Structures are given as structure tokens and as C-alpha cells.
Amino acid sequence: MVLSVLFLVIVAVPLYPELYGLDELTPFTQLVAFRPQGLVIVFAVALLMLIRKSWRIAAALVAVLTLTGAGLTLPRVTSDPEPPAADTRVLTIMVANVLGGGAKAGAVAELIREHKPDLVSLPEAQVDVREEIRAQVEGYTGYTEQPTKAVESATSVLVAGSLGAVQVRPDLPTSFGNLMITGGNLGQLRLVAYHGFPPLPEDVPPWKHDLTQVRRWCAQDPPTIVAGDFNATLDHADFRWALASNCHSVGPSVGGGLKGTWPSDQPAIARTQIDHVLATRTIRPLKFATYEVEGTDHLAVIATVAVPKDG
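Mapping of the sequence shown onto our numbering: position 223 corresponds to residue 224, and the numbering continues sequentially without gaps.
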């Protein structure tokens, strides 16, 4: 029994490092991004352990652990969107990390022409890449923020003309560029195009810092949508903390929480969802879908939300 409990604790460390205060340490920060896949693997191991009688207590404990985790994850795929209320307007938001220009501009433009998003968030798109895409679509104005010479720091946005005379500016300081869109036909609504620093083994502190800024957007009063590559999943405690009680991610809110967006060159079962459209609570999620884009390691995301007409 003692060995079985010890084995359970050891198995739980990579699956739930936040329980041990290890979720901000490498390699646990990186591993927990793939917790749903880890739960499946560990559950399969638990079933195999049932073969030996002396392992059955440990197998049962581990199975309970994984089934509990699966139960906590299940709402991400079972949540259904509610129909929009009569006093709302529908906005379509697109996110496409273009891998510093590696993505085919024509493929990104084709998605824009087909779905006609109101806002297109383009992480890793410098001005030339942004303009190559914009030249192939009609009715969009482009903006770019690039705080350093690194191509990864560039974040661009395409804003549909239907949003009117908006104002676009960088907002809270983050490691990469971010752009806040306000005014025009948005009313009180704020739109943010965002790219968060990745939790590389030596770079967890800047990753945490950027999520702190996301929390500030989520915690403020104006209705807000933040769209981009967050380099974080709902299995990261820091990301859940950033959402606080006032933000939700559209994908998990409409049953698309396990639609992985990265790495796109791997089978769907091996991907994780790091590209999100976040919305504050007064904004109702409606749809979430992913699309392949040639030349990038991210899937594009297109989400629709219902926003109160007065804001």
C-alpha cells in the first residue's frame, strides 16, 4: 500500500505539478501543456498494470487519478454555445501565427476572403508580411507593433473597414508586440492582438510576465477580446490565473477545447491549444474552428462571439 501511494505521488507530479508548486519549473511547465495526452497514456499504463496482482492497488489509484483528470477536462469538449440574444451583434475574430513570414500569404488571405473576419490577429507578421496578405484582400487596414528586431516580436493586425474609424496603439508592455483597437463602431468594446512569450526552459519568467498583462486586460471593466498566440493552455495554472473570473477562452466554451493548434505538422492527437480568442464574461462565445495554413507550425483559428450592442 505504501509503495502504491508513493507511485501515485510520483505519477501525479508531471500530470499536476501545480499541486507541488512545480508548475513554473522546467520541464513541468512544458509537459503540462500536453496533460490531456498524458492522462490517456497514464490510464493505459494503469490498465496494463492490472496484469500483475501485486500492482493492482497502484493501478487502481492511478486510474482514479486519471479518470478524475478526465472529468475535469471533459467540459472543454461538452460545453455547448448558447444562442445569441436579440440585443447582441456578432463579431468574427481570426488568429494566424505566420511563423515570421513562413506561412503562405495567399493561404491566409484565402481564409480572410472566405470568412470575412472583423479582426485578424497575426503574430510574427512584420510589416512586409502584413502588407503581402492585405494586398490580397479588400476592405482591411493594417497595423504592426514590433518592439525588438526579432521577427518573433512583431504582431500585426488587420481591421475590417466595417469597424469604422478605430484607434490602434500598443498597450501594456509585453515581451512581444501587442495592439489594442478601440473606438469606431466598437463602442465600449476593446480588441487586443497579442503574442505571448513561449515558456522555453530558460525563459519561464518572461512567459509569466506576459500572462500577468493578460490578467490585467481580463480584470478591467470594459468588454474585451484578446486574440493571438498565448503559448499557454488551460492546463497551465498561470493561464487559468490570467483568465481570472472575468475571462473565458472561446474554444473550450463551445466544446472545442481539445482542438490543438500547435504543432500543426503533428497528428491532431499530439497537438495542444495555445492559440486562443479570450472574451470577458459579457461576451458570449458562439463558434470556434481551426484551419491549416501552409508554411506555419500553427493552425489558424476563427471564432465568432456575440457582443452586447451597447458595448
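Using N, Cα and C, we set each Cβ at its ideal position, and we do this for glycine too. Because the structure is a prediction, the values reported are computed rather than measured.
**Asked** Of the residues L235, L279 and L68, which one's Cα is nearest the Cα of G261?
**Response** L235
**Item:** Among F8, P28 and K54, the one whose alpha carbon lies nearest that of H237
**Value:** With distances taken between Cα atoms, H237 lies closest to P28.
**Asked** Expressed to the nearest angstrom, what Euclidean distance is found between the alpha-carbon atoms of V43 and A34?
**Response** 15 Å
**Prompt:** When the Cα of S154 is compared with those of P82, D222 and P171, which residue comes out closest?
**Reply:** P171
**Message:** Bridge partners for R191 per DSSP, in chain order?
**Reply:** Its beta-bridge partners are T225.
**Message:** Out of V6, L16, L20 and L26, which one is the CA nearest neighbour of D204?
**Reply:** D204 has its Cα closest to that of L26, out of V6, L16, L20 and L26.
**Request:** Report, in whole angstroms, the separation of the C-beta atoms of I275 and N232, which I expect to be a contact under 8 Å.
**Result:** 5 Å
**Message:** Please report the distance separating the alpha-carbon of S55 from that of L4.
**Reply:** 10 Å
**Prompt:** Which residues does DSSP pair with Y292 in a beta bridge?
**Reply:** According to DSSP, Y292 bridges with A301.
**Request:** Indicate whether R114 and L123 have their beta-carbon atoms separated by less than 8 Å.
**Result:** no
**Request:** Run the CB neighbour count on P200, radius 10 Å, all protein chains shown included, and call it buried at 16 or more, exposed below.
**Result:** buried
**Asked** For L40, is the classification buried or exposed, using 16 other Cβ atoms within 10 angstroms of its Cβ as the cut-off for buried?
**Response** buried
**Prompt:** Is there contact here, the region 66 to 79 with the region 91 to 106, by at least three beta-carbon pairs under 8 Å?
**Reply:** no
**Asked** How is P309 classed by DSSP in three states: helix, strand or coil?
**Response** strand
**CB of A307 within 8 Å of CB of L287, strictly** = yes
**Request:** With DSSP as the reference, label Q38 as helix, strand or coil.
**Result:** helix
**Item:** Three-way DSSP call (helix, strand, coil) for P268 in this model
**Value:** coil
**Message:** Looking only at its chain, what residues have a beta carbon closer than 8 Å to the beta carbon of P85, apart from the 5 residues adjacent to it on each side?
**Reply:** Excluding sequence positions up to five before and after P85, its CB lies within less than 8 Å of the CB of V91, R285, L287 and A307, all in the same chain and listed in chain order.
**Prompt:** Quick one: what's got a C-beta closer than 8 Å to D24's C-beta in the same chain, skipping five residues either side?
**Reply:** P18, T30, V33, H237, A238 and D239
**Asked** Do you know offhand how far L51's Cα is from V78's?
**Response** 29 Å
**Message:** Please report the distance separating the alpha-carbon of M95 from that of D298.
**Reply:** 16 Å
**Prompt:** What are the residues that DSSP puts in a beta bridge with D276?
**Reply:** D230
**Message:** Just to confirm my understanding: we take D311, look at its own chain, exclude 5 residues before and 5 after, and list those with CB closer than 7 Å. What are they?
**Reply:** By the criterion of a C-beta distance shorter than 7 Å, D311 is surrounded in its chain by G188, once the five residues flanking it on both sides are discounted.
**Asked** Taking G165 as the reference, which of T213, K209, V302 and T142 has the closest Cα?
**Response** T142
**Item:** Span of the beta strand (DSSP E) around Q168
**Value:** V167 to R170
**Prompt:** Would you say V152 and E111 are within 8 Å of each other, going by their C-beta atoms?
**Reply:** no
**Message:** Is the beta carbon of A304 closer than 8 Å to that of V227?
**Reply:** no
**Message:** Could you compute how far the alpha carbon of L68 sits from the alpha carbon of L192?
**Reply:** 38 Å
**Request:** Take D88 as the anchor and find which of I11, D222 and T283 has the nearest alpha-carbon.
**Result:** T283
**Message:** Please report the distance separating the alpha-carbon of E133 from that of H210.
**Reply:** E133 and H210 have their C-alpha atoms some 32 Å from each other.
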